[in-house]
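Structure, as structure tokens:
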Amino acid sequence: MTEYSGRTDPDRILPLLWRRSAPERSGAGRRPRLSVDAVVAAAVGLAGAEGLAATSMARVAKALGVGTMTLYTYVPSRAELIDLMVDEVLGELRLPGPGDERPAGWRARVELYAERTRALYRRHPWLCRVTTVRPPIGPGMLAEREYVLSTVAGLGLPLHRVDTAATAVSAFVRAAARLEAENAELRRTTGLSTDRWWTQRGLLWEDWFDVERHPAMTALWNAGGFDRGPDEQQEQAHAYGLRLLLDGIERDAGTERDAGTGIERDAGVERDAGVSPA
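Under full-length UniProt numbering, the sequence shown has 246 at position 246, and the numbering climbs by one with no breaks.
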């Protein structure tokens, strides 16, 4: 089942994401037994151990040793909990912020983002079950966005194109990370490798596959184009796709510089030293 982030009341979720409010002390001046951080950590732990479906408010409360109604005084509903979980693990990317040391060259910076995102999805495969078209606007998400925007902004693209290019990079990186994590999760939960899965369906090629209807596929098969294993194929597809995407962005930035329509600086970000001006 797919969950959707960003479905919550902003007046309720934003203070929680930014930890600007906390439950008042309970009677007789007693301190709260829990914190929002503890609730989120318990939910992330449950999702990692049993999947996202296990993160009901009742299950999280049980893991914390409190009643379900007590949990609601910290997090109003499961929808808010999902947003908090997503933003919490996005913080694990730990991408360099303003003033922090970064890899030399914008491509190396994107590659750092891609590798850390892939690692994040491998650690938290439940992220594949959450659609973030409307993301939780917390510190984790904004730090990720700031890093990608600042990486692209130094290329000299027009202002409107900076956001477009950054969105394209994030979309590719996340999609590739999700695909890799989903494959790994399938192997873990079914005990079946992708190679074995295809082997079990070998009769398809003998009984149903029509070479005349699939000439490109047949030619590629006969030439050995499918000889790579699924893991190798996936790794090469990721590297190939990312390289071509970055090539295209870099070429577009060069075209804008040649036409004199690019920008020298954007939002205080210096032009990337790895891209030569025209």
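Positions of the beta carbon are idealized from the N, C-alpha and C atoms, including for glycine.
Cβ neighbour criterion (16 or more within 10 Å) applied to residue i
i, result
"W18", "exposed"
"Y240", "exposed"
"P98", "exposed"
"A181", "buried"
"W126", "buried"
"A171", "exposed"
"R118", "buried"
"E24", "Low confidence applies to E24: its pLDDT is 49, below 50, so where it sits in the model is not reliable, and the reading given next is rough at best. Counting Cβ neighbours within 10 Å, E24 comes out exposed, since fewer than 16 surround it."
"G67", "exposed"
"R161", "buried"
"T190", "exposed"
"L220", "exposed"
"E3", "buried"
"A267", "Low per-residue confidence applies at A267: pLDDT is 44, beneath 50, and the placement is therefore not dependable, though the value from the model is reported in the following sentence. With fewer than 16 Cβ atoms within 10 Å of its Cβ, A267 is classed as exposed."
"G154", "buried"
"L192", "exposed"
"M1", "exposed"
"E115", "exposed"
As assigned by DSSP and simplified to three states, the class of residue i
i, result
"T131", "strand"
"E101", "coil"
"Y74", "coil"
"I13", "helix"
"S5", "coil"
"R174", "helix"
"H238", "helix"
7 Å CB neighbourhood of residue i in its chain, flanking five on each side removed
i, result
"P230", "T194, D195"
"T151", "W106, R109, V110"
"S88", "One point to set straight first is that residue 88 is Glu, not Ser, in the sequence displayed. If we look at E88 and ignore the five residues flanking it on each side, its Cβ neighbours are V40, V44, G140."
Cβ shell of residue i (< 6 Å), same chain only, five flanking positions each side left out
i, result
"L14", "none"
"V75", "V39, L81"
"A104", "none"
"L245", "F172"
"A54", "L46"
"E235", "none"
Cutoff 8 Å; reference residue i; Cβ partners in own chain excluding five residues on either side
i, result
"T70", "R33, L34, A61"
"Y72", "M57"
"A184", "R122, P125"
"L64", "L34, A38, V39, A42, L71"
"R59", "L46"
Backbone CA spacing between residue i and residue j [nearest angstrom]
i, j, result
"P215", "E232", "24 Å"
"D207", "A223", "21 Å"
"residue 320", "S5", "The question about residue 320 has no answer here: the residues shown for the chain are numbered 1 through 278."
"L186", "T8", "30 Å"
"V86", "P96", "19 Å"
"V44", "I137", "18 Å"
"R12", "D83", "11 Å"
"L159", "L204", "51 Å"
Original post:
Hey, which unbroken runs of the beta strand (DSSP E) at 3 residues or more fall wholly within the stretch 179-215?
Top reply: none
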